[in-house]
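Asker: If you count by the working numbering, then the sequence shown holds residues 6 to 130, one letter each, in order.
Ideal Cβ positions, reconstructed from N, Cα and C, are used throughout, including at glycine.
It should be emphasised that the depicted structure is a prediction, and the values quoted were computed from it without experimental measurement.
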Amino acid sequence: MEIIIRNRIVIDGQEEFIRETFEGDVKKLGNKIALYYKNAEEEKVLIKFDDKELSMTRYAEKPVVMRFHKELPTHTLYEGLGRLEILTDGFHMNEELKHVKLKYRLAQNDIPIGEYRMRIDWKIS
Numbered sequence: 006m007e008i009i010i011r012n013r014i015v016i017d018g019q020e021e022f023i024r025e026t027f028e029g030d031v032k033k034l035g036n037k038i039a040l041y042y043k044n045a046e047e048e049k050v051l052i053k054f055d056d057k058e059l060s061m062t063r064y065a066e067k068p069v070v071m072r073f074h075k076e077l078p079t080h081t082l083y084e085g086l087g088r089l090e091i092l093t094d095g096f097h098m099n100e101e102l103k104h105v106k107l108k109y110r111l112a113q114n115d116i117p118i119g120e121y122r123m124r125i126d127w128k129i130s
């Protein structure tokens, strides 16, 4: 199965577009969908979501978990940066079309870090 992740990142007025494609697996876990793959650094990644929230876990030397909730701000600990606040401005999941869209901002101590738009698609390759 093919997993395509597109990111639009804006930090300090600088805009960057990233598109990554990975081979992986998809599983249905109750009312959640789980996508498994290895990233470019060969770290295992698990993306799990339903219609209200998404979690992305990167199993690095020090695992990183990011949670995006449709209605609530969340936090993550990121090595080298410390505690980051995740403010989800938009969240849309469409299981039939096999995609998830996120719009979010990261902040640290109420200081904005950047704005992000992410789209994740999955399809049989």
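Determine the direct distance from the alpha carbon of A39 to that of V70, and round the result to whole angstroms.
Answerer: As a working note, residue 70 is residue 65 in the sequence shown. As a working note, residue 39 is residue 34 in the sequence shown. Their Cα atoms are separated by approximately 14 Å.
Asker: Do M98 and D56 come within 8 Å of each other at the CB atom, strictly closer than that value?
Answerer: Numbered from its first residue, the sequence shown carries residue 56 at position 51. Numbered from its first residue, the sequence shown carries residue 98 at position 93. Yes. Within cutoff.
Asker: What residue does the beta strand (DSSP E) around L77 start on, and which one ends it?
Answerer: Numbered from 1 along the sequence shown, position 72 holds the residue referred to as residue 77. Unbroken run through L77: none, as it is neither H nor E.
Asker: How is L89 classed by DSSP in three states: helix, strand or coil?
Answerer: Numbered from 1 along the sequence shown, position 84 holds the residue referred to as residue 89. It is a strand residue.
Asker: Could you work out which residue in G119, R63 and L77 is closest to Y41 when comparing CA atoms only?
Answerer: By one-based count along the sequence shown, residue 41 stands at place 36. The shortest Cα separation from Y41 among G119, R63 and L77 belongs to R63.
Asker: With 16 other CB atoms within 10 Å as the buried threshold, where does I129 fall?
Answerer: Here residue 129 refers to the residue found at position 124 of the sequence shown. Exposed, since its Cβ has fewer than 16 Cβ neighbours within 10 Å.
Asker: Would you say E46 and T26 are within 8 Å of each other, going by their C-beta atoms?
Answerer: The residue labelled residue 46 in the question sits at position 41 within the sequence shown. The residue labelled residue 26 in the question sits at position 21 within the sequence shown. Cβ distance not < 8 Å, so E46 and T26 don't count as in contact.
Asker: Assuming P78 and L92 form a contact by the criterion Cβ under 8 Å, report the distance between their Cβ atoms to the nearest whole angstrom.
Answerer: As a first step, residue 78 is located in the sequence shown; it is residue number 73 there, counting from the start. As a first step, residue 92 is located in the sequence shown; it is residue number 87 there, counting from the start. Correct: roughly 5 Å between the Cβ atoms.
Asker: Along the chain, where does the beta strand (DSSP E) containing D115 start, and where does it finish?
Answerer: Translated into the one-based positions of the sequence shown, residue 115 becomes position 110. Taken as a continuous stretch (DSSP letters only), D115 belongs to no beta strand (DSSP E), as it is neither H nor E.
Asker: Could you tell me the alpha carbon to alpha carbon distance between I16 and I116, rounded to whole angstroms?
Answerer: Indexing the sequence shown from 1 puts residue 16 at position 11. Indexing the sequence shown from 1 puts residue 116 at position 111. Roughly 12 Å separates the two Cα atoms.
Asker: If you count every other CB in all the chains shown that lies within 10 Å of the CB of F22, and 16 or more means buried, which is it?
Answerer: Here residue 22 is taken as the residue at index 17 of the sequence shown, counted from 1. The residue is exposed, with fewer than 16 neighbouring Cβ atoms inside 10 Å.
Asker: Consult DSSP for I129 and reduce its assignment to one of helix, strand or coil.
Answerer: Here residue 129 is taken as the residue at index 124 of the sequence shown, counted from 1. Here I129 sits in coil by DSSP.
Asker: Can you tell me where the beta strand (DSSP E) holding G18 begins and where it ends?
Answerer: The residue given as residue 18 occupies position 13 in the sequence shown. Where G18 is concerned, there is no enclosing beta strand (DSSP E), given that its DSSP letter is neither H nor E.
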